[in-house]
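Each residue of the sequence shown is one higher than the one before, counting from 489 in this note's numbering.
Glycine residues also receive a C-beta, built at the ideal position from the N, C-alpha and C atoms.
Right, one structure below, let's go through it.
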Amino acid sequence: SLVVFWIFLGLLALGQAASISTNDDETAADPCVSESYTWGTPALNEFKLCVNGAAFTIECNPNFYYVQNSTIAGCVPASLLDSKCIDVNIQPPVCSISKLHQMLRSNTLTHFYVCESLNAEPELLPCPDGKVFAENNEYAGCFDWVKWREVSGCHTY
């Protein structure tokens, strides 16, 4: 309907969404949660939208992430997220004895630091296969989005 179309265009403008997934297998498997509202996925940079009964995955632009709360439902800059989710202010670690050979958080989701030797420059390494880095008191590593949400404690929807 025309209302859904205008909602969709408004979300694209507000959220600066970049691409829509129309994979037939994915669409058929994903039920529409709402024809009027968007909803989050485990992936921080995606959300879902229904158009004419079909669920579409919309990916936020780089460095924008989906948030749904009482004031907004859309893609927002990383700098506005809770630091549990992304902390854009993280600086490379000083390679002290306590940080040697550990996976350490960076200011992006897809990379982490490792200190190979004392007082060396930390090495920034990517997570493999589309995984994202999270750490807490028990775990540090690269995880799929579902496990990342659990480990990081990031709740945006």
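A contact is defined here as three or more CB-CB pairs under 8 angstroms, and the stretch 603-617 meets this definition with respect to the stretch 582-592. Across the structure, HIS599 and ASN624 are spaced so that their CA atoms are roughly 16 angstroms apart. Across the structure, CYS615 and ILE560 are spaced so that their CA atoms are roughly 30 angstroms apart. Annotation: the continuous beta strand (DSSP E) that includes VAL555 extends over 552-556. LEU597 places its beta carbon less than 8 angstroms from that of ILE574. Judged by DSSP secondary structure, VAL634 falls outside any beta strand (DSSP E) and instead within the alpha helix (DSSP H) spanning 633-640.
Contact between the stretch 623-643 and the stretch 535-547 is absent: fewer than 3 CB-CB pairs across the two stretches fall below 8 angstroms. By the CB criterion at 8 angstroms, CYS642 and LEU532 fall inside the cutoff. Judged by their CB atoms, LYS572 and SER640 are nearer to each other than the 8 angstroms cut-off.
Taken through DSSP and simplified to helix, strand or coil, ALA561 comes out as strand.
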